[in-house]
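K.L.:
The following block contains the structure, expressed as structure tokens.
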Amino acid sequence: MPFAATSLLCFLVAINVASFCQFWYDKHAARSGWRRIRERTLLETAFFGGSIGAMTGRQVFRHKTRKEPFRTHLMLIVLFQGIVAVACAILASGYLDAFAGLF
Numbered sequence: 039m040p041f042a043a044t045s046l047l048c049f050l051v052a053i054n055v056a057s058f059c060q061f062w063y064d065k066h067a068a069r070s071g072w073r074r075i076r077e078r079t080l081l082e083t084a085f086f087g088g089s090i091g092a093m094t095g096r097q098v099f100r101h102k103t104r105k106e107p108f109r110t111h112l113m114l115i116v117l118f119q120g121i122v123a124v125a126c127a128i129l130a131s132g133y134l135d136a137f138a139g140l141f
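So this is what it looks like as structure tokens:
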């Protein structure tokens, strides 16, 4: 595996673990009456690659599952990342090379 791909994979694993842990801590803080993690911080971590960890943390800890507009914003982030992932896969596969002469 090339260095760039390995680095990207390590980054994604780390940010998803961090995102999952943020949801655990925020749920624990909510129950304990401690200072909470801002919703913006949770969403930013998801946006920058931690959406799988965020979605998993939401379900495992049953945290922010009904909270609007947080839920909608997180779903939009997941949708956006899915579209980007599919676009990257198509570009990497060379599928669009057949259309290069058209443009």
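If you read the sequence shown in my numbering, its first letter stands for residue 39, the second for the next number, and so on. Beta carbons are placed, not taken as given, at the ideal position from N, Cα and C, and that holds for glycine.
Which residue spans inside the region 62 to 127 form an unbroken alpha helix (DSSP H) run of at least 4?
P.N.:
Whole alpha helix (DSSP H) segments, 4+ residues: 77 to 83 and 89 to 99.
K.L.:
Of all the options Glu-106, Trp-62 and Leu-50, which has the alpha carbon lying nearest to the alpha carbon of Arg-100?
P.N.:
For the purposes of this step, residue 100 is taken as the residue at position 62 of the sequence shown. With distances taken between Cα atoms, Arg-100 lies closest to Trp-62.
K.L.:
Exposed or buried, Ala-60, counting other C-beta atoms within 10 Å across all chains shown (16 or more means buried)?
P.N.:
Here residue 60 is taken as the residue at index 22 of the sequence shown, counted from 1. The question names Ala, but residue 60 in the sequence shown is Gln. Gln-60 comes out buried.
K.L.:
Within 10 Å of its beta-carbon, does Arg-96 have 16 or more other beta-carbons around it, so buried, or fewer, so exposed?
P.N.:
Here residue 96 refers to the residue found at position 58 when the sequence shown is read from its first residue. So Arg-96 ends up on the buried side.
K.L.:
Among residues of its own chain, excluding the 5 on either side of Ile-53, which ones have a beta-carbon nearer than 6 Å to its beta-carbon?
P.N.:
Locating residue 53 in the sequence shown gives position 15, counting from the first residue. Only Gly-87 and Gly-88 meet the Cβ criterion.
K.L.:
Could you tell me if Thr-83 is buried or exposed, where buried requires 16 or more neighbouring beta carbons within 10 angstroms of its beta carbon?
P.N.:
Taking the first residue of the sequence shown as 1, we reach residue 83 at position 45. Thr-83 comes out buried.
K.L.:
Would you grab the beta carbon distance between Ala-143 and Arg-76 for me? Rounded to a whole angstrom, and I think it's under 8 Å.
P.N.:
As shown, the chain starts at 39 and ends at 141. That puts residue 143 outside it, with no answer to give.
K.L.:
With Ala-92 and Ser-70 assumed to form a contact (beta carbons below 8 Å), what rounded beta-carbon distance in angstroms separates them?
P.N.:
Mapped onto the sequence shown, residue 92 falls at position 54. Mapped onto the sequence shown, residue 70 falls at position 32. Their Cβ separation, rounded to whole angstroms, is 21 Å, which puts Ala-92 and Ser-70 out of contact at 8 Å.
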